[in-house]
Amino acid sequence: MVLSVRAATVRTRVCSSVVRTRATWRERDSVHEAVSSSAALVYQWHVGSPPNGGAESLMDMSGPEPWWIAARGEPPRDLVSFRRGFPAMQRGAYLNTASSGIVSRVAADRAQRVIEAICLGEFSKEESTPTLRSARQRFASLIGAEAGQIGVVKNVSDGLNAVATAVPPRGERDNVVVCADLEHPNNIYLWQKMRRHGVDVREVTARAGVIPADELIAAIDQDTRIVTASSVTFTPGFRLDLERVGRAARANGAFFLVDAVQSCGVLSHDLAAENIDALVTSTTKYLLGTAGLGFVAVAPDWINRLEPVYVSRYGVERGSGHESEIEGGDFIFSHNATRFEVGNYNWPAIAAIDSAVEALLSVGPERIERHAVALADALRNGFVALGLPVNAPAEPALRSPMVTLGTLGAGDAYASADGMLNRLADALREAGVRFSIRRGLVRFGLHGFNDETDVAHVLDVARRAIG
Numbered sequence: 076m077v078l079s080v081r082a083a084t085v086r087t088r089v090c091s092s093v094v095r096t097r098a099t100w101r102e103r104d105s106v107h108e109a110v111s112s113s114a115a116l117v118y119q120w121h122v123g124s125p126p127n128g129g130a131e132s133l134m135d136m137s138g139p140e141p142w143w144i145a146a147r148g149e150p151p152r153d154l155v156s157f158r159r160g161f162p163a164m165q166r167g168a169y170l171n172t173a174s175s176g177i178v179s180r181v182a183a184d185r186a187q188r189v190i191e192a193i194c195l196g197e198f199s200k201e202e203s204t205p206t207l208r209s210a211r212q213r214f215a216s217l218i219g220a221e222a223g224q225i226g227v228v229k230n231v232s233d234g235l236n237a238v239a240t241a242v243p244p245r246g247e248r249d250n251v252v253v254c255a256d257l258e259h260p261n262n263i264y265l266w267q268k269m270r271r272h273g274v275d276v277r278e279v280t281a282r283a284g285v286i287p288a289d290e291l292i293a294a295i296d297q298d299t300r301i302v303t304a305s306s307v308t309f310t311p312g313f314r315l316d317l318e319r320v321g322r323a324a325r326a327n328g329a330f331f332l333v334d335a336v337q338s339c340g341v342l343s344h345d346l347a348a349e350n351i352d353a354l355v356t357s358t359t360k361y362l363l364g365t366a367g368l369g370f371v372a373v374a375p376d377w378i379n380r381l382e383p384v385y386v387s388r389y390g391v392e393r394g395s396g397h398e399s400e401i402e403g404g405d406f407i408f409s410h411n412a413t414r415f416e417v418g419n420y421n422w423p424a425i426a427a428i429d430s431a432v433e434a435l436l437s438v439g440p441e442r443i444e445r446h447a448v449a450l451a452d453a454l455r456n457g458f459v460a461l462g463l464p465v466n467a468p469a470e471p472a473l474r475s476p477m478v479t480l481g482t483l484g485a486g487d488a489y490a491s492a493d494g495m496l497n498r499l500a501d502a503l504r505e506a507g508v509r510f511s512i513r514r515g516l517v518r519f520g521l522h523g524f525n526d527e528t529d530v531a532h533v534l535d536v537a538r539r540a541i542g
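According to our numbering, the stretch in the sequence shown is residues 76 to 542, in order.
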């Protein structure tokens with residue numbers, strides 16, 4: 076059965092008396108069509124078909140799928156159709172993914188269906204589990220890992236804390252190595268707390284806005300418990316040579332923990348090739364999902380060596396019993412990264428991210444990376460030509476899809492200390508451009524849904540704003 080979702084001006088309340096009655100799946104899909112009809116695009120929903128690409132092994136349910144899962148859209152195959160799937164791109168130039176990503180209409184509809192099912196009292200965790208398995212497998216594929224290496228967490232902060240407190244101490248001079256100058260506060264507070272408990276926190280100083288790989292490596296020794304860094308700094312937005320730092324950490328037996336929220340979904344990752352022991356991210360930025368969900372990916376040789384502080388029914392070996400049952404007088408942590416999973420799952424967010432990552436994989440991570448980095452280079456070069464204070468790393472390999480203007484620390488999250496940049500920011504807002512300001516830097520984050528027209532629009536606004 077195929078239904079077309081077409082633009083309309085009337086929105087329908089899903090919990091009205093009309094849909095409270097017992098309906099057939101066909102009728103429910105008609106209700107969903109009405110709810111989703113505010114979309115400006117046309118999609119084909121395939122009822123009962125597995126995700127494109129064949130994920131039958133993940134959808135091992137007998138009989139037809141529940142109606143809140145069954146609708147599937149064909150994923151985009153290229154950057155043009157990828158862009159077309161985001162209604163936000165019809166409203167202006169969105170270059171704020173470094174702060175918060177946008178959700179495609181298909182992903183939003185997937186989440187909405189779950190909420191409808193909850194609203195109608197028909198949602199079932201058991202019947203939704205295949206979507207969780209699919210999302211886990213797809214994210215694993217995105218970063219070159221296996222599904223058993225992936226744990227579901229609430230966000231980056233949750234994942235960092237869960238992993239950091241699970242790594243066992245080392246030696247008499249137990250220490251952690253971090254470049255606090257450029258880390259997000261959520262990758263600083265937990266180390267400050269460890270310092271209260273006697274852990275030596277070795278803070279490496281940033282150099283020209285870059286996390287210096289040489290100095291991170293020099294600070295590592297045989298007593299280093301954890302080396303931690305961002306794959307891309309949240310500002311000014313430069314990359315780190317993860318493979319090199321990870322190799323040095325492993326040579327000393329240290330654990331390499333990476334905050335990848337500014338890269339996952341827009342830059343390619345390979346957990347093993349980059350020597351990463353644990354990668355943590357949220358779905359709310361470049362993965363193009365919603366808030367309240369994240370992933371942790373752990374190297375296979377570390378999983379059973381990590382003992383999480385929190386424990387719950389989803390984090391232990393339960394055998395074939397129901398989650399509400401307990402067997403024996405003790406427990407064993409799961410032999411995979413689900414040992415980090417605590418409490419119930421954010422099912423609407425899981426439905427959304429399953430669709431979002433399917434689209435990323437369909438378009439191709441390498442294609443998205445090349446496109447986003449090229450757009451960022453074009454924007455950066457355009458700003459340079461206008462005489463604006465552009466931040467750029469000395470090594471081209473450290474560039475990312477993020478572009479920043481100004482002097483780091485000269486201002487805050489609301490304004491720059493540079494009056495000209497504040498005038499530019501005002502002009503951009505008035506022109507409908509979405510961006511952010513962090514630590515005084517005007518910040519732009521590009522993704523696969525951006526194109527040359529967005530860059531041209533921003534540069535045109537900038538040209539007029541600075542006279």
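Cβ atoms here follow ideal geometry from the backbone N, Cα and C, with glycine treated the same way.
Within the region 457-486, no complete alpha helix (DSSP H) segment of 4 residues or longer occurs. In the three-state DSSP reduction, I512 falls in the strand class (E or B). Assigned with DSSP and collapsed to three states, V274 falls in coil, not helix or strand.
The distance from the Cβ of W143 to that of E221 is about 28 Å, inconsistent with a contact at the 8 Å cut-off.
The three-state secondary structure of Y169, taken from DSSP, is strand. S409 and V242 have their C-alpha atoms spaced approximately 16 Å apart. If you ignore the 5 residues before and after R322, its C-beta comes within less than 7 Å of the C-beta of N350, all in its own chain and listed in chain order. For T206, there is no enclosing beta strand (DSSP E); the residue is found in the alpha helix (DSSP H) stretching over 200-217. Collapsing the DSSP output to three states places A353 in a strand. By the 16-neighbour rule on beta-carbons within 10 angstroms, I193 is exposed. For S156, the three-state secondary structure derived from DSSP is helix. When rounded, the separation of the alpha-carbon atoms in N466 and D233 is 31 Å. For the pair L354 and A372, the CB atoms are nearer than the 7 Å cut-off. Its chain contains A186, V189, I190 as the residues whose beta carbon lies nearer than 6 Å to that of P423, once the 5 sequence neighbours on both sides are disregarded; these appear in chain order. Beta-carbon to beta-carbon, V333 and A304 are separated by about 6 Å, close enough to satisfy the 8 Å threshold. Per DSSP, reduced to three states, the secondary structure at F415 is helical. For L342, the three-state secondary structure derived from DSSP is strand.
Counting C-beta pairs with one atom in each stretch, the region 441-455 and the region 203-222 have fewer than three that are closer than 8 Å, which means they do not touch. In the DSSP assignment, V189 forms no beta bridge with any residue. Pairwise C-beta distances place the region 484-503 out of contact with the region 299-319, as fewer than three of them are shorter than 8 Å. A distance below 7 Å separates the beta carbons of L257 and T308. Nearest in C-alpha terms to R474, of all of K268, A447, I263, L496, is A447.
For the set R504, A540, R271, P440, the Cα lying nearest the Cα of L170 is the one of R504. Take the alpha-carbon of G226 and the one of F198: they are about 23 Å apart.
In terms of Cα proximity to D493, the closest of R514, R509, A294 is R514. Taking C-alpha positions only, A374 is separated from V530 by approximately 38 Å.
Between D352 and F370, the C-beta spacing is not below 7 Å. In this structure, the straight-line span from the alpha carbon of S179 to that of D153 is close to 15 Å.
By the C-beta density criterion, D345 is exposed, having fewer than 16 other C-beta atoms within 10 angstroms. DSSP places N250 within a strand segment (E or B) once states are collapsed to three.
Secondary structure note for L257: it is in no alpha helix (DSSP H), with a DSSP letter that is neither H nor E.
The beta-carbon separation of R282 and V252, rounded to 15 Å, does not stay under the 8 Å limit for a contact. In the displayed model, V336 falls within coil according to three-state DSSP, outside both helix and strand.
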